Ligand code: NAP
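Residue numbers (this note's numbering): 3 to 246.
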């Protein structure tokens, strides 16, 4: 599985685990980060230490020009991006009436327009090469709707729509587009929730545990593998059964 993969938001959490797993499986990894340069550098060093190939690329994926420059630089370094993982994201809990136009715009920009930006910059070369794989990270809240997370839910529902529509459009170019929709995964993102809420979510989960970044990474790797070559346009839940 010798490929080059761009993982957005790979400095921490789920993205970090995806980058690490791809590197362990022989891929060259472009580690995108926005602020966490220390963590991104530590990940690159960890990958290099076991003989893997990785470079770090700073960009706010919500900014089209920054994404374009990043993709150009990755192509200069690695030649071609075989696999794009649109993982970067933010979350926040707010009553709908407290979501200001600025907060709304930031959420949609970071969690949805970012995927447009990355796909738009990466796809022309994939189409020319007649191969490629895109994996978007949504959320179960994009499928069910989450109270006090309307803007987050809307962005993630948009990711699901983007996945299905784009899969139909680029299939003939031998490009697959899929989506992983995680449930509750223990990362920094969950630090906003108190212990009682976490325990309640665990109670509601048939597999009776919280998810790990590895759970999500394993599914992303599976979707990127050539063995998944007949899978496109799918939304794969990694949620312990909390939403079926
Ligand atoms: P996390 O631990 O908070 O990490 C978020 C990552 O995204 C960081 O590496 C961060 O990089 C990066 N990022 C944020 N804004 C960015 C931007 N504008 N440009 C580039 N990178 C940016 O979150 P996580 O839990 O790993 O979440 C990863 C993805 O899974 C997100 O899309 C999230 O919505 C989704 N998800 C998570 C859960 C969960 O329970 N954790 C459930 C469902 C879906 P910097 O630190 O460098 O800014």
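Each residue gets a CB set at the ideal place from its N, CA and C atoms; glycine is no exception.
This one's a predicted model, so the numbers in the text were calculated from it and none came from an experiment.
- If you check the CB distance, residue 184 and residue 213 come in under 8 Å.
- In the three-state reduction of the DSSP assignment, residue 233 falls in the coil class, being assigned neither a helical nor a strand state.
- The residue among 123, 117, 99, 158 with its C-alpha nearest the C-alpha of residue 11 is 117.
- If you check the CB distance, residue 142 and residue 233 do not come in under 8 Å.
- Going by DSSP, residue 135 is part of the beta strand (DSSP E) stretching over 134 to 139.
- Distance check between residue 182 and each of 173, 139, 135 places 139 closest, using alpha-carbon atoms only.
- Cα atoms of residue 166 and residue 59: separation of roughly 28 Å, rounded to the nearest angstrom.
- Between residue 178 and residue 137, the alpha-carbon positions lie close to 8 Å from each other.
- Distances taken from the Cβ of residue 35 to the heavy atoms of the ligand NAP include one shorter than 7 Å.
- Checking the 7 Å criterion, the Cβ of residue 191 is within range of a heavy atom belonging to the ligand NAP.
- Distances from the alpha-carbon of residue 240 to those of 228, 230, 111, 211 put 211 closest.
- In this structure, 112 is the residue among 21, 14, 112, 82 with its C-alpha nearest to the C-alpha of residue 62.
- Its Cα nearest to that of residue 122, the residue 83 stands out among 83, 225, 197, 47.
- Secondary structure at residue 126: helix, using DSSP grouped into helix, strand and coil.
- Three or more beta-carbon pairs drawn from the stretch 14 to 25 and the stretch 220 to 234 are found closer than 8 Å, and the two stretches are therefore classed as touching.
- Here the C-alpha atom of residue 90 lies approximately 13 Å from the C-alpha atom of residue 215.
- For residue 6, the beta-bridge partners assigned by DSSP are 30.
- Counting only residues of its own chain and dropping the five nearest sequence neighbours on each side, residue 115 has a CB closer than 7 Å to the CB of 64.
- Note on residue 135: 16 or more other CB atoms within 10 angstroms of its CB, so buried under the neighbour-count rule.
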